[in-house]
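Numbering (this note's numbering), first residue to last: 3 to 104.
We treat Cβ as the ideally placed atom computed from N, Cα and C, and that holds for glycine.
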């Protein structure tokens, strides 16, 4: 989800939940932004107003974080671990035969 697609606007997702005659609107990306209203329309107006008020003194900047590089295959360090182990070779052969039998 790219909320910074247009630097002059902010694209957010509004969650609308209606239960027991009350409508709750919240912003999916901002867990602490939520309003309650009698109708869906009132909830949308209220959430937009609250969001504009909350963000009026906020600067929003994108932050790119590079993930920690790991090896392509985490199992590579175990390659050849059982090489030359006759007991393991026997066990592996038994398992292969069981799979073929099923």
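query: Hey, residue 29 and residue 49: beta-carbon distance below 8 Å or not?
result: Annotated as proximal: residue 29 and residue 49, with beta-carbon spacing under 8 Å.
query: Where does residue 13 sit, in a helix, a strand or coil, going by DSSP?
result: Collapsing the DSSP output to three states places residue 13 in coil.
- request: Can you check DSSP and say which residues form a bridge with residue 36?
  value: DSSP output for residue 36 lists 28 as bridge partner(s).
- request: State the DSSP-derived secondary structure class of residue 18, mapped to helix, strand or coil.
  value: Reduced to three states, the DSSP call for residue 18 is strand.
- prompt: In the structure shown, what three-state DSSP assignment does residue 68 receive?
  reply: Shown here, residue 68 sits in coil according to DSSP, grouped into three states, outside any helix or strand.
- request: Work out the CA separation of residue 69 and residue 42 for me, nearest whole Å.
  value: Answer to the nearest angstrom: the Cα atoms are 40 Å apart.
message: Tell me which residues share the same chain as residue 3 and place their Cβ nearer than 7 Å to its Cβ, disregarding the 5 neighbours each side in the sequence.
response: Residue confidence for residue 3 is low, a pLDDT of 48 falling below 50, so the modelled location carries little weight; the figure read from the coordinates is stated next. No residues qualify anywhere along the chain.
- prompt: Does the distance from the CB of residue 17 to the CB of residue 27 come in under 8 Å?
  reply: In contact: residue 17 and residue 27 (Cβ atoms closer than 8 Å).
query: Are there 16 or more other CB atoms within 10 angstroms of the CB of residue 45, so buried, or fewer, so exposed?
result: By the Cβ-count criterion, residue 45 is buried, with 16 or more other Cβ atoms from all chains shown falling within 10 Å of its own Cβ.
query: So is residue 25 buried or exposed if we call it buried at 16+ other beta carbons inside 10 Å?
result: With 16 or more Cβ atoms within 10 Å of its Cβ, residue 25 is classed as buried.
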